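Student: Encoded as structure tokens, here's the structure I'll be asking about.
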Amino acid sequence: MAEIRGNKVRFEANKIVLTAGSTSANETLMFCLAEPGQAFLVPTPYYPGFDRDLKWRTGVEIVPIHCSSSDGFRLTESALEESYKQAQKLNLRVKGVLITNPSNPLGTTMTKKELNYLINFSIAKRIHIVSDEIFSGTVFDSPQYTSIAELVVERKLNQMTDIWNRIHIVYSLSKDLGLPGFRVGLIYSNNEKLQSAATKMSSFGLVSSQTQFFLSKILADRKFTRNYIRTNKKRIKERKEMLVCGLLNVGINCLESNAGLFCWADMRHLLGENSFEGEMALWKKIVYEVGLNISPGSSCHCVEPGWFRVCFANVSKEALSVSMNRIKAFVEPMGRVANGLNQGEVVRNWRMRSLSKWVLQLSFCDREADR
Numbered sequence: 117m118a119e120i121r122g123n124k125v126r127f128e129a130n131k132i133v134l135t136a137g138s139t140s141a142n143e144t145l146m147f148c149l150a151e152p153g154q155a156f157l158v159p160t161p162y163y164p165g166f167d168r169d170l171k172w173r174t175g176v177e178i179v180p181i182h183c184s185s186s187d188g189f190r191l192t193e194s195a196l197e198e199s200y201k202q203a204q205k206l207n208l209r210v211k212g213v214l215i216t217n218p219s220n221p222l223g224t225t226m227t228k229k230e231l232n233y234l235i236n237f238s239i240a241k242r243i244h245i246v247s248d249e250i251f252s253g254t255v256f257d258s259p260q261y262t263s264i265a266e267l268v269v270e271r272k273l274n275q276m277t278d279i280w281n282r283i284h285i286v287y288s289l290s291k292d293l294g295l296p297g298f299r300v301g302l303i304y305s306n307n308e309k310l311q312s313a314a315t316k317m318s319s320f321g322l323v324s325s326q327t328q329f330f331l332s333k334i335l336a337d338r339k340f341t342r343n344y345i346r347t348n349k350k351r352i353k354e355r356k357e358m359l360v361c362g363l364l365n366v367g368i369n370c371l372e373s374n375a376g377l378f379c380w381a382d383m384r385h386l387l388g389e390n391s392f393e394g395e396m397a398l399w400k401k402i403v404y405e406v407g408l409n410i411s412p413g414s415s416c417h418c419v420e421p422g423w424f425r426v427c428f429a430n431v432s433k434e435a436l437s438v439s440m441n442r443i444k445a446f447v448e449p450m451g452r453v454a455n456g457l458n459q460g461e462v463v464r465n466w467r468m469r470s471l472s473k474w475v476l477q478l479s480f481c482d483r484e485a486d487r
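If you count the sequence shown from 1, you need to add 116 to reach the numbering used here.
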């Protein structure tokens with residue numbers, strides 16, 4: 117943890133609670149910090165799995181902090197205050213704010229300014245902060261990553277027990293070392309009562325002894341882990357640039373990002389209508405007709421229709437190249453709308469071409485199978 121954060125922060129082993137992945141860590145924190153019917157504020161767009169991880173078994177409510185494209189989906193003081201007021205209108209007691217830094221799905225890192233807004237807000241409202249930092253090892257470009265733990269040290273908040281006891285960090289090896297199936301996560305907290313409660317709850321989701329043994333061998337090899345993380349970042353950056361350039365070539369822009377395994381793509385201009393119904397219609401075409409699995413922004417509670425999360429790290433360069441060709445074949449005919457064709461005709465033409473290609477491919481495959 118310290119090495120990924122540039123050794124700017126020292127983490128103490130006795131403040132760590134191991135969990136079976138970050139999913140378990142986040143749920144455990146909700147159980148420990150809030151009662152059923154109480155709320156956490158979460159900036160949008162956010163990871164769709166939070167609706168399951170934070171709410172299903174705990175009874176905790178999520179109140180969105182609405183962030184917009186006008187300021188790059190950055191966290192603002194006004195958005196924090198508006199979300200808090202909305203929770204009060206709903207008669208929900210706010211127990212904290214949960215952030216992902218770097219962001220999933222945006223692929224951006226929070227600035228010191230944003231983190232300071234958040235800390236000041238937490239101090240003023242006397243609420244908790246949960247900082248999910250599982251993508252911290254994927255930061256491949258500037259600006260430099262800043263963990264909330266770094267701000268705690270910089271502002272000497274670690275000498276102020278009250279606020280330091282209300283800041284909790286979630287981390288995992290799933291993304292940084294590419295080990296999602298190993299289910300290794302952790303909670304880092306200065307709060308002794310939380311440590312005690314979380315340790316007891318972790319008995320229901322332990323990290324296996326075999327996994328602990330295996331990981332101890334990996335992490336003990338400092339040379340390997342440093343080289344792995346360095347190489348991983350380089351490859352993530354290359355793949356991201358390949359995706360962004362491919363989308364840009366067909367007129368699709370992406371939010372400028374410097375971390376994560378995904379891009380936040382702006383497809384608002386491709387919507388048949390500027391609504392979430394229009395977004396879902398476009399998403400269905402991309403999934404069922406183009407054959408690409410991307411996530412609509414509405415699943416991430418984005419307030420603006422037409423944004424999509426596109427993951428790029430789990431496919432080969434060849435597969436990504438094929439994907440870009442498919443997107444190009446799908447998008448280019450839609451541009452003819454401006455040249456006289458109505459969108460219904462464009463979609464029908466696209467469907468006919470797609471069907472023809474599919475029939476030809478199927479026919480070819482059948483002949484090959486008969487040989």
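Glycine included, every Cβ here is placed at the ideal spot set by N, Cα and C.
Quantities reported herein were computed from a predicted structural model and do not represent experimental measurements.
1) Can you give me the Cβ contacts of ILE132 inside the same chain, cut-off strictly under 6 Å, excluding the 5 residues immediately before and after it?
2) LEU359 and LEU436 look like a contact to me (Cβ under 8 Å); what is the Cβ gap, rounded to whole Å?
3) Exposed or buried, which one is VAL403 when buried takes at least 16 other CB atoms within 10 Å?
4) Tell me which residue opens and which closes the beta strand (DSSP E) that LEU302 is part of.
5) So for ALA291, helix, strand or coil by DSSP?
6) Whole angstroms is fine: what's the gap from GLU270's alpha carbon to GLU128's?
7) When DSSP builds the beta bridges, which residues end up paired with CYS427?
8) Looking at the strands, I want to know which residues DSSP matches up with ALA155.
9) For my contact list, ILE283 and GLU249 are in at a C-beta cut-off of 8 Å; report their separation, rounded to the angstrom.
10) Would the region 194-207 and the region 174-183 be scored as touching if the rule is three or more Cβ pairs under 8 Å?
11) Three Cβ pairs or more, each shorter than 8 Å: is that satisfied between the region 216-232 and the region 371-386?
12) Is it the case that the region 165-180 contacts the region 137-149, given that we only count it when at least three CB pairs across the two stretches are under 8 Å?
13) So, helix, strand or coil for LYS269, using DSSP?
14) Which value, in whole angstroms, describes the spacing of the CA atoms of ALA381 and ILE334?
15) Do you know whose CA, among VAL366, VAL419, VAL447 and LYS356, lies nearest LYS401's CA?
16) In its own chain, which residues sit with a C-beta less than 7 Å from the C-beta of LYS99, not counting the 5 before and 5 after it?
17) Can you grab the Cα-Cα spacing for the pair MET117 / GLN204, in whole Å?
18) Which residues does DSSP list as the beta-bridge partners of ASN369?
19) Where do the N-terminal and C-terminal ends of the beta strand (DSSP E) with PRO447 fall, by residue?
20) Just to confirm, is the Cβ distance from GLY362 to MET450 under 8 Å?
21) Buried or exposed: which applies to MET383, given that a residue is buried once 16 or more other Cβ atoms fall within 10 Å of its Cβ?
22) Evaluate LEU206 with the Cβ neighbour count: other Cβ atoms within 10 Å of its Cβ, from every protein chain shown; 16 or more gives buried, anything less gives exposed.
23) Measure the Cβ-Cβ separation of SER500 and GLY165 and say whether it is below 8 Å.
24) My assumption, with CB atoms under 8 Å, is that PHE256 sits in contact with GLY212. Please give the rounded CB distance.
25) PHE392 to LEU386, Cα distance in whole Å?
26) If we call anything under 8 Å between Cβ atoms a contact, is THR254 one with LYS349?
27) Can you give me the C-alpha to C-alpha distance between LYS241 and ILE279, rounded to a whole angstrom?
28) Less than 8 Å between the beta carbons of SER318 and LEU170, yes or no?
Tutor: Let me spell this out:
1) LEU302 and TYR304
2) 6 Å
3) exposed
4) 301-305
5) Reading off the sequence, residue 291 comes out as Lys, not Ala. Coil.
6) 17 Å
7) PHE378
8) GLU177 and VAL210
9) The Cβ separation is near 12 Å, so there is no contact.
10) yes
11) yes
12) yes
13) Just to set this straight, residue 269 is Val in the shown sequence, not Lys. Helix, per DSSP.
14) 36 Å
15) VAL447
16) Because the chain spans 117 through 487 in this model, residue 99 falls outside it and cannot be assessed.
17) 36 Å
18) ASP382
19) Rather than Pro, the amino acid found at residue 447 in this sequence is Val. Counting along the chain, VAL447 falls outside any beta strand (DSSP E), though it belongs to the alpha helix (DSSP H) covering 433-450.
20) no
21) buried
22) exposed
23) The structure shown does not extend to residue 500, since the chain spans only 117 to 487, so no value can be given for it.
24) No, PHE256 and GLY212 are not in contact; Cβ-Cβ is about 30 Å, not under 8 Å.
25) 13 Å
26) yes
27) 11 Å
28) no
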